[in-house]
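> Attaching a single structure in structure tokens format; questions to follow.
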DNA sequence: AAGAAACGATAAAACGCTTGCAATATGTTA
DNA sequence: TAACATATTGCAAGCGTTTTATCGTTTCTT
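Residue numbers (full-length UniProt numbering), protein chains in the order written: chain W, 1 to 333; chain G, 1 to 333.
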């Protein structure tokens with residue numbers, strides 16, 4: 001016995017109306033006499049009819065599904081964004097197809113094409129470095145795309161971020177104001193514009209403002225994992241730095257722990273400011289001072305923006321910058 | 001100008017073959033003469049044809065998409081599972097529709113129906129408490145379902161877990177062997193079978209084995225967040241307990257931090273064993289001794305099991321139990 | 001060299017729904 | 001009550017694939 005499905009046709013027959021009328025009822029089209037609507041709804045209920053979204057998608061050319069490309073869901077930074085995205089998506093009756101890319105540009109392209117083949121109504125992209133090929137795919141497709149927590153130097157597509165440059169500047173100034181002259185910049189890959197452009201220039205600006213001199217030796221390039229931080233700690237210390245701005249919480253915790261395990265006192269011997277204000281900053285001791293990014297909101301606003309784009313609504317500004325701040329905790333004086 | 005799509009028909013016309021032939025080469029059906037295949041592939045490439053997955057889904061009744069119901073992606077425990085799921089899904093050419101339920105049973109039912117409406121080929125469910133209504137929906141649908149990190153007392157559907165009872169017993173025995181007589185059991189909602197049945201009976205068994213007596217006063221019911229742990233610490237201490245088995249890492253860290261902030265030494269004054277072995281256990285000081293669960297693998301294996309189910313393959317055992325262990329760290333002696 | 005078998009390709013019927021347009025029913029105005 | 005406006009419904013053509021039944025060709029067999 002095969003999976004015997006109830007179709008709109010069955011409902012129409014049972015209710016003595018046409019498929020069109022059933023369709024109207026299902027879609028909340030107001031051009032249906034209340035009594036007819038009631039009759040149809042009863043039959044729908046009785047037969048336990050459930051509209052086939054795939055058929056709907058084919059007929060209407062809308063899938064009420066959006067694709068989400070994310071480097072790694074199991075990373076707290078991205079999963080926070082993802083949660084914001086999904087909540088707003090749900091609010092607007094969309095579902096999310098979530099795919100991990102590991103930040104690998106080849107995978108990103110594949111995944112994007114796969115999502116477009118599935119006829120998603122829109123795409124939210126999170127990634128570090130947007131390659132030319134990817135940008136080409138973006139513009140080739142007529143599907144709306146929004147970047148979340150990722151900057152596109154070209155601003156061709158919509159995006160939601162904070163002012164990374166300004167935030168970094170403020171954080172470094174805080175450190176400088178505390179008397180530090182050698183402040184390390186512990187970054188993710190400098191190839192990512194968000195690090196190599198935005199944050200780095202914020203760092204430089206702060207140094208200049210405070211009359212400190214820039215030194216290559218204080219720049220550390222790394223990936224974002226805890227372990228990297230642990231491994232990096234000694235080198236950072238040997239550079240002569242007495243404070244650091246770190247771009248990832250895991251990384252920052254790694255450095256802080258390694259330093260402390262080596263007998264240093266934080267913040268007395270070394271001060272740290274991190275960048276994501278995730279739960280980690282609250283959990284470790286001392287708690288970490290952090291730039292505050294509204295992660296959940298970045299996701300939520302990005303999705304909201306995407307709904308407008310998908311709806312062809314008028315957009316005031318497709319590049320939105322959310323407010324940031326600095327939450328002072330125990331890792332700075 | 002409307003989004004002008006290339007269809008299989010365009011390809012067929014350009015290549016002087018029928019739609020059916022194009023379909024065959026796209027689907028790798030061997031019944032096509034190599035020369036014809038080559039010709040078709042050239043046209044596909046030239047026109048940049050991309051098969052419409054929605055139309056395929058309608059015609060073939062397969063969407064190569066699976067639904068994933070998760071309480072909260074931004075929780076490290078679940079996002080680890082999710083990552084395992086997605087990796088294996090990708091391996092088998094499936095995509096994932098990810099939806100957050102907050103563990104709310106009403107939402108779970110809605111979401112499930114929504115996913116089924118979208119004609120997903122299978123569902124992976126993560127949740128705490130499986131209500132009767134949900135179980136009814138499970139059995140009503142002919143779509144394969146697998147539980148990941150969630151136990152169903154009925155074992156009606158497939159599931160992947162560890163032996164929570166055994167793991168908890170071992171953990172409590174460890175504490176008892178260290179001389180503790182009053183060991184707290186800090187649990188999530190006892191309504192969840194995983195807590196109220198599995199873990200709790202593991203706890204009781206351990207007490208019995210060690211000749212300790214069970215006391216209601218040592219059982220704490222809570223949710224899983226860090227803040228709950230902080231708030232709970234004092235009560236746990238007042239209960240007279242000198243050690244605790246905690247079912248969630250966030251919760252455990254909350255308790256550990258609150259205790260230490262109150263001047264207690266861990267493990268000297270209080271010992272803790274937690275349950276998820278997430279990054280948190282490694283990050284905090286002292287590091288937390290934990291039951292080890294292969295989170296990523298639970299997700300991965302669940303998805304692998306689901307592929308077999310979707311493929312109607314012979315299943316040796318649809319309830320799989322993965323190995324666990326205990327990783328001793330600084331929160332126990 | 002005729003017939004069987006194997007192969008390659010086609011035509012057309014689904015798949016389950018939306019939607020523009022036509023048809024019918026109902027209501028209103030004078 | 002005729003004539004016209006408006007509210008409800010039905011018809012049927014897609015939407016872009018897959019897939020089955022069918023047919024025309026080749027290739028063997030003997």
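For every residue, glycine included, the Cβ atom is placed at its ideal position computed from N, Cα and C.
Remember, it's a predicted structure, so these values are computed and weren't measured experimentally.
Just checking my contact of residue 206 of chain G with residue 229 of chain G at CB under 8 angstroms: how many whole Å lie between their CB atoms?
The pair is not a contact, with the Cβ atoms about 22 angstroms apart (cut-off 8 angstroms).
> Closer than 7 angstroms by C-beta to residue 119 of chain W: which residues in its own chain qualify, once you throw out the five before and the five after it? Chain order, please.
Excluding residues within five positions, the ones whose Cβ falls inside 7 angstroms are 57, 63.
> If contact means a Cβ-Cβ distance below 8 angstroms, which residues of the stretch 79 to 108 of chain G contact chain W?
Of all residues in the stretch 79 to 108 of chain G, 79, 80, 82, 83, 86, 87, 90, 95, 96, 97, 98, 99, 100 have a Cβ within less than 8 angstroms of some Cβ in chain W.
> Counting only Cβ pairs nearer than 7 angstroms, list the residues of chain G close to residue 119 of chain W.
Here the neighbours are 52, 53, 54.
> Which whole runs of the alpha helix (DSSP H) in the UniProt domain "HTH lacI-type" (6 to 60) of chain W are 4 residues long or more, in chain order?
Counting whole runs of 4 or more residues, the UniProt domain "HTH lacI-type" (6 to 60) of chain W contains the alpha helix (DSSP H) stretches 8 to 15, 19 to 26, 34 to 47, 53 to 60.
> With 8 angstroms as the C-beta to C-beta threshold (strictly closer), list the residues of the stretch 258 to 289 of chain G near chain W in chain order.
So the list reads 260, 279, 280, 282, 283, 284, 285, given in the order they occur along the chain.
> Taking residue 57 of chain W as the query, report the chain G residues whose CB atoms sit under 7 angstroms from its CB, ordered along the chain.
Those within 7 angstroms of residue 57 of chain W in chain G are 54.
> For residue 325 of chain G, which residues does DSSP report across the bridge?
Its beta-bridge partners are G:292.
> Tell me, please, whether the CB atom of residue 115 of chain W is closer than 9 angstroms to any CB atom in chain G?
Closer than 9 angstroms to some Cβ of chain G, the Cβ of residue 115 of chain W qualifies, so yes.
> By the criterion of Cβ-Cβ separation under 7 angstroms, what are the contact partners of residue 63 of chain W in chain G?
Ordered by position in chain G, the residues that pass the 7 angstroms Cβ test against residue 63 of chain W are 54.
> Between which two residues does the alpha helix (DSSP H) containing residue 175 of chain W stretch?
164 to 177 is the extent of the alpha helix (DSSP H) around residue 175 of chain W.
> Grouping DSSP H, G and I as helix and E and B as strand, with all else coil, what is residue 377 of chain W?
A question about residue 377 of chain W goes unanswered here, because the residues of chain W that appear run from 1 up to 333.
> I need the straight-line Cα distance from residue 329 of chain W to residue 284 of chain W, nearest angstrom please.
About 11 angstroms.
> Is residue 296 of chain G closer than 9 angstroms to residue 147 of chain G when the C-beta atoms are compared?
It is not a contact, given that the beta carbons lie outside the stated cut-off.
> Within this structure, are the beta carbons of residue 149 of chain W and residue 299 of chain W separated by less than 9 angstroms?
Cβ distance < 9 angstroms, so residue 149 of chain W and residue 299 of chain W count as in contact.
> Which two residues bound the contiguous alpha helix (DSSP H) that contains residue 224 of chain G?
No alpha helix (DSSP H) contains residue 224 of chain G, which DSSP labels as neither H nor E.
> What span of residues does the alpha helix (DSSP H) with residue 281 of chain W cover, start to end?
Counting along the chain, the alpha helix (DSSP H) containing residue 281 of chain W begins and ends at 279 to 283.
> Taking contact to mean at least 3 C-beta pairs separated by less than 8 angstroms, is the stretch 72 to 90 of chain W in contact with the stretch 73 to 93 of chain G?
The stretch 72 to 90 of chain W, when compared against the stretch 73 to 93 of chain G, does touch it at the 8 angstroms Cβ threshold.
> Give me the residue from W:127, W:113, W:44 with the minimum Cα distance to residue 192 of chain W.
Answer by Cα proximity: W:127.
> I'd like the list of long-range same chain contacts for residue 25 of chain G, defined as Cβ closer than 6 angstroms, with 5 residues on each side in sequence excluded.
Closer than 6 angstroms at the Cβ level, and outside the excluded window around residue 25 of chain G, lie 32, 37, 40.
> Based on the DSSP output, what are the partners of residue 147 of chain G in its beta bridges?
Looking at the DSSP assignment, residue 147 of chain G forms a beta bridge with G:125, G:159.
> If I follow the unbroken alpha helix (DSSP H) through residue 138 of chain G, where does it start and stop?
First-last of the alpha helix (DSSP H) with residue 138 of chain G: 132 to 140.
> By DSSP's criteria, residue 110 of chain G is part of a beta bridge. Which residues make up the other side?
Note: residue 110 of chain G sits in no beta bridge, so no partner.
> Beta-carbon separation of residue 273 of chain W and residue 332 of chain W under 9 angstroms?
It is a contact, given that the beta carbons lie within the stated cut-off.
> Along chain W, in chain order, which residues have C-beta atoms closer than 8 angstroms to that of residue 226 of chain G?
The answer, in chain order, is 279, 282, 283.
> Please classify residue 5 of chain W as buried or exposed, where buried requires at least 16 other C-beta atoms within 10 Å of its C-beta.
It counts as exposed.
> Out of W:320, W:204, W:312, state which residue places its alpha-carbon closest to the alpha-carbon of residue 214 of chain W.
Cα-wise, what sits closest to residue 214 of chain W is W:204.
> Residue 196 of chain W to residue 171 of chain W, Cα distance in whole Å?
Approximately 17 angstroms between the Cα atoms of the pair.
> Nearest to residue 248 of chain W by alpha carbon, out of W:217, W:124, W:65, W:291?
Ranking the options by Cα distance to residue 248 of chain W, first place goes to W:291.
> Can you name the residues of chain G whose CB is closer than 7 angstroms to the CB of residue 43 of chain W?
Ordered by position in chain G, no residue passes the 7 angstroms Cβ test against residue 43 of chain W, which lies about 18 angstroms from the chain.
> Using 8 angstroms as the threshold, is the stretch 101 to 119 of chain W in touch with the stretch 154 to 166 of chain W, meaning 3 or more CB pairs across them?
Touching, no, given that fewer than three Cβ pairs across the two stretches are closer than 8 angstroms.
> Could you pull the start and end residues of the beta strand (DSSP E) that residue 255 of chain W belongs to?
Note, residue 255 of chain W: premise wrong, no beta strand (DSSP E); alpha helix (DSSP H) at 249 to 261.
> For the ligand PLP, I want to know if residue 311 of chain W counts as a neighbour, meaning its beta carbon is within less than 8 angstroms of at least one of the ligand's heavy atoms.
Of the ligands one can find in the structure shown there are none, so the ligand PLP has no counterpart to examine.
> For residue 304 of chain G, name the three-state secondary structure that DSSP assigns.
In this structure, residue 304 of chain G counts as helix in the three-state DSSP scheme.
> With 16 as the cutoff for other CB atoms within 10 Å, does residue 316 of chain G come out buried or exposed?
By the neighbour-count rule (16 or more Cβ atoms within 10 Å), residue 316 of chain G is not buried but exposed.
> With DSSP collapsed to three states, give me the class of residue 315 of chain W.
Coil at residue 315 of chain W, not helix or strand.
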